[in-house]
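Using this note's numbering, you'd call the opening residue of the sequence shown number 15 and step up by one each time. Worksheet: one structure, shown below.
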Amino acid sequence: MWLSTVRRPITPAELQHAIAISTDFGSPQIHDLTDSAFFVDCCFGLVTIGNERSVIRLVHFSVNEYLRARKATLFTTADSILALQAIDPSVTSLVSDTNTKSHDQFKAYMAPGYSGKDVPSVEDDITEVITTFIKVLKRDHLSTATSTNPIDFTRLCTFFTIDSISKTSFGESMGYLESNSDLCSYIPTIRNTLPFASILSAVPFLTSLATFPRM
Numbered sequence: 015m016w017l018s019t020v021r022r023p024i025t026p027a028e029l030q031h032a033i034a035i036s037t038d039f040g041s042p043q044i045h046d047l048t049d050s051a052f053f054v055d056c057c058f059g060l061v062t063i064g065n066e067r068s069v070i071r072l073v074h075f076s077v078n079e080y081l082r083a084r085k086a087t088l089f090t091t092a093d094s095i096l097a098l099q100a101i102d103p104s105v106t107s108l109v110s111d112t113n114t115k116s117h118d119q120f121k122a123y124m125a126p127g128y129s130g131k132d133v134p135s136v137e138d139d140i141t142e143v144i145t146t147f148i149k150v151l152k153r154d155h156l157s158t159a160t161s162t163n164p165i166d167f168t169r170l171c172t173f174f175t176i177d178s179i180s181k182t183s184f185g186e187s188m189g190y191l192e193s194n195s196d197l198c199s200y201i202p203t204i205r206n207t208l209p210f211a212s213i214l215s216a217v218p219f220l221t222s223l224a225t226f227p228r229m
């Protein structure tokens, strides 16, 4: 499921920690990680670990195409399971953990996924987005001696974040900064959704309804 649904190549360590998070909403088994060699053995030659970039992947593109084409029948709840794990109040997460020692351990486990080492062009990509950010500031928000051009910096920083993530993930930014507009209504969508998500994550009864297995 993981290797056919991830949006970018992942390392064996990332897959180990992803699988350590139980899908039945139990406690994360971060101290009992699956041996990466087992991933290759249990998949009967369909999975390989590349030496050149230290990533684990399906052995051939045709295998990936086959699984993706049948995602709706093979992995029917993949996206919902991964999303609902983040709002289960019974599981300690990086956001909710108040113990300094275990919190630092959580951060260390997550670090490989945020290091950017798997994206060789990450520095150039971010530099390109920063350049666009500065260009938009000068183009649309530069005040003069006779006029003031106000700026909603929070809004612009949101565009910067979206373009940075899309550029490093897909090789091309979504163009929020260049157009200086919310192209896909991201901001109102988040504003309308977060209140419900906050209530859902804070009330165990509602969370149990949301995570109830589909018939």
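Even for Gly, the Cβ is constructed at its ideal location relative to N, Cα and C. Because the structure is a prediction, the values reported are computed rather than measured.
First and last residue of the uninterrupted alpha helix (DSSP H) at residue i
i	result
S178	F167 to F184
V217	It is not in any alpha helix (DSSP H) - V217 carries neither H nor E in the DSSP assignment.
D154	V136 to D154
L191	Y190 to S193
Whole-angstrom distance between residue j and residue i, CA atom to CA atom
i	j	result
V61	T145	39 Å
T25	L214	32 Å
T7	D166	One cannot answer for residue 7 here, as it falls past the ends of the chain, which runs 15 to 229.
A211	I204	10 Å
D233	T114	Since the first and last residues shown for the chain are 15 and 229, residue 233 lies out of range.
G185	Y128	17 Å
D154	Y190	14 Å
V69	T141	25 Å
A122	L156	41 Å
S116	S193	43 Å
D118	T158	47 Å
S183	A216	31 Å
K181	P134	12 Å
T207	I179	21 Å
T168	I201	11 Å
T63	T162	According to the sequence displayed, residue 63 carries Ile and not Thr. About 56 Å.
C233	S199	No answer is possible for residue 233: it lies beyond the span of the chain, which begins at 15 and ends at 229.
Q30	K131	17 Å
T87	Y80	12 Å
Assumed close pair residue i, residue j - CB separation to whole angstroms, cut-off 8 Å
i	j	result
D177	M188	6 Å
Would you call the segment 136-153 and the segment 171-185 in contact, with 3 or more CB pairs under 8 Å? yes
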